[in-house]
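Novice: This is the structure, below, for whatever I ask next.
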Amino acid sequence: KLVGGLETKGPIDITLRPLACTATIMHDLMGEDAAKMPEAVKGAALTCILSDTLEFRSPTTTAHDKAVAEKLAGELGINISEYAAEMFAAKSDVSSFSDAELIRMDSKEYEVDGTKFRVSVLETTAPGVVLDRKASLMDSMTSVAAEDGVDQVLLFVVDILNEEATLLVPNDLVKTVAAKSFGADAAGDTVVLPGIMSRKKQIIPNLKV
1448 KLVGGLETKG PIDITLRPLA CTATIMHDLM GEDAAKMPEA VKGAALTCIL
1498 SDTLEFRSPT TTAHDKAVAE KLAGELGINI SEYAAEMFAA KSDVSSFSDA
1548 ELIRMDSKEY EVDGTKFRVS VLETTAPGVV LDRKASLMDS MTSVAAEDGV
1598 DQVLLFVVDI LNEEATLLVP NDLVKTVAAK SFGADAAGDT VVLPGIMSRK
1648 KQIIPNLKV
């Protein structure tokens, strides 16, 4: 039985390392053969690292993730800042997605003291575009929670450039979560959480009800 409740019928071969991105681990496992990767694969690995680390802004980033990304970018002749800006701009165009799709796009379920949450994160360089839809998003949070069998959806809109998150606050439960988890006083239907970028490292470990 593994951490998180995953169970197997027998021992399995598993690699766990305290790094931000699986692509970094894969690069390490390849060793010297990593240099022989096709350019498309190198590009995919670089994209994964920049996405997972938010171009090294996320607190999950390690020096090794950054070193591997810089090595790959050098081999490909890619300017990291320019490429990441293009990536994030594409990621921030959410016009073709429904509210329910946005809520479920990057979302995981967790239980805290008997309360089941769907914790959703939207990473963007244009938070205003998402927040313009906050009324319909909050309406959809109710239906998504009911359909998915959770008590509450928590939706964090992460502003990549300003390195902060905005939590949508549709009810008193989320208001309490904001206060107990982040020391934030939600006076309206949103609350800004400075420095919050990572669900894994900053949101989930702090969740309280």
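Under my numbering, read the sequence shown as residues 1448 to 1656, first letter to last.
Backbone N, C-alpha and C define an ideal beta-carbon position, used for all residues, glycine too.
For clarity, every value in this text was computed on a predicted model and none was experimentally measured.
Would the beta-carbon of T1500 fall within 8 Å of that of A1470?
Specialist: Start at 1 with the first residue of the sequence shown, and residue 1500 comes out as number 53. Start at 1 with the first residue of the sequence shown, and residue 1470 comes out as number 23. No, they are not a contact pair.
Novice: For L1584, does the count of other Cβ atoms within 10 angstroms reach 16, so buried, or fall short, so exposed?
Specialist: On the sequence shown, position 137 is the one that residue 1584 refers to. Flag for L1584 reads buried.
Novice: On the three-state DSSP scale, how would you describe T1462?
Specialist: Counting from 1 along the sequence shown, the entry for residue 1462 is found at position 15. Three-state DSSP puts T1462 in coil, outside helix and strand.
Novice: Could you tell me which of I1527, L1476, T1455 and R1504 sits nearest to G1490, measuring between CA atoms?
Specialist: For the purposes of this step, residue 1490 is identified with residue 43 of the sequence shown, where counting begins at 1. Closest by alpha carbon: I1527.
Novice: Do A1492 and L1463 have their CB atoms nearer than 8 Å?
Specialist: Residue mapping note: residue 1492 aligns to position 45 of the sequence shown, counting from 1. Residue mapping note: residue 1463 aligns to position 16 of the sequence shown, counting from 1. Not closer than 8 Å, so no.
Novice: If you count every other CB in all the chains shown that lies within 10 Å of the CB of I1663, and 16 or more means buried, which is it?
Specialist: No information on residue 1663 is available, as it lies outside the stretch 1448 to 1656 that the chain covers here.
Novice: Excluding the 5 residues preceding and the 5 following D1512 in the sequence, name in chain order all residues of the same chain whose CB lies nearer than 6 Å to its CB.
Specialist: On the sequence shown, residue 1512 is found 65 positions in, with the first residue counted as 1. Taken in chain order, the residues that qualify are L1466, A1467, C1468, T1471, I1496 and T1500.
Novice: Beta-carbon separation of K1647 and V1597 under 8 Å?
Specialist: Locating residue 1647 in the sequence shown gives position 200, where the first residue counts as 1. Locating residue 1597 in the sequence shown gives position 150, where the first residue counts as 1. Contact flag unset, no.
Novice: Classify K1513 as helix, strand or coil using the three-state DSSP reduction.
Specialist: Within the sequence shown, the letter at position 66 stands for residue 1513. Looking at K1513 - three-state DSSP - the assignment turns out to be helix.
Novice: Sorted by chain position, which residues of the same chain lie with C-beta nearer than 8 Å to S1680's C-beta, five sequence neighbours on each side aside?
Specialist: With the chain covering 1448 to 1656 only, the question about residue 1680 has no answer from this structure.
Novice: I'd like the span of the alpha helix (DSSP H) that includes A1593, first residue to last.
Specialist: Position 146 of the sequence shown, counting from 1, holds the residue named residue 1593. Start and end: K1581 to D1595.
Novice: Looking at the unbroken beta strand (DSSP E) that takes in K1555, where does it start and where does it end?
Specialist: One-based indexing of the sequence shown puts residue 1555 at position 108. Its beta strand (DSSP E) spans residues S1554 to V1559.
Novice: Would you decide whether T1589 is buried or exposed? Buried here means 16 or more other CB atoms lie within 10 Å of its CB.
Specialist: Along the sequence shown, one-based indexing puts residue 1589 at 142. Under this definition T1589 is an exposed residue.
Novice: To which residues does DSSP link T1455 through a beta bridge?
Specialist: For this step, residue 1455 is matched to residue 8 along the sequence shown. Partner(s): none; T1455 has no beta bridge.
Novice: So, do the segment 1618 to 1628 and the segment 1529 to 1545 have three or more beta carbon pairs nearer to each other than 8 Å?
Specialist: Too few Cβ pairs lie closer than 8 Å, so no.
Novice: Once DSSP output is grouped into helix, strand and coil, what is the label at T1571?
Specialist: Here residue 1571 refers to the residue found at position 124 when the sequence shown is read from its first residue. Three-state DSSP puts T1571 in a strand.
Novice: Only counting the same chain, and skipping five residues up and downstream in sequence, which positions put a Cβ closer than 7 Å to that of E1486?
Specialist: As a working note, residue 1486 is residue 39 in the sequence shown. Here the set comprises L1523.
Novice: Note down, one range per segment and in chain order, each alpha helix (DSSP H) of at least 4 residues found wholly within the segment 1601 to 1650.
Specialist: Counting only runs of 4 or more, we get 1619 to 1629.
Novice: Chain C beta carbons: is any one of them nearer than 8 Å to that of V1624?
Specialist: The chain labelled as chain C is not found in the depicted structure, where only one protein chain is given.
Novice: Would you kindly check if the distance between the Cβ of T1613 and the Cβ of L1654 is under 8 Å?
Specialist: Locating residue 1654 in the sequence shown gives position 207, where the first residue counts as 1. Locating residue 1613 in the sequence shown gives position 166, where the first residue counts as 1. Result no, Cβ atoms of L1654 and T1613 do not sit closer than 8 Å.
Novice: From K1555 to S1567, what distance separates their C-alpha atoms?
Specialist: Here residue 1555 refers to the residue found at position 108 when the sequence shown is read from its first residue. Here residue 1567 refers to the residue found at position 120 when the sequence shown is read from its first residue. Looking at the two C-alpha atoms, the distance is approximately 7 Å.
Novice: Would you kindly report the start and end of the unbroken alpha helix (DSSP H) that includes I1527?
Specialist: Numbered from 1 along the sequence shown, position 80 holds the residue referred to as residue 1527. Per DSSP, I1527 belongs to the alpha helix (DSSP H) from I1527 to K1538.
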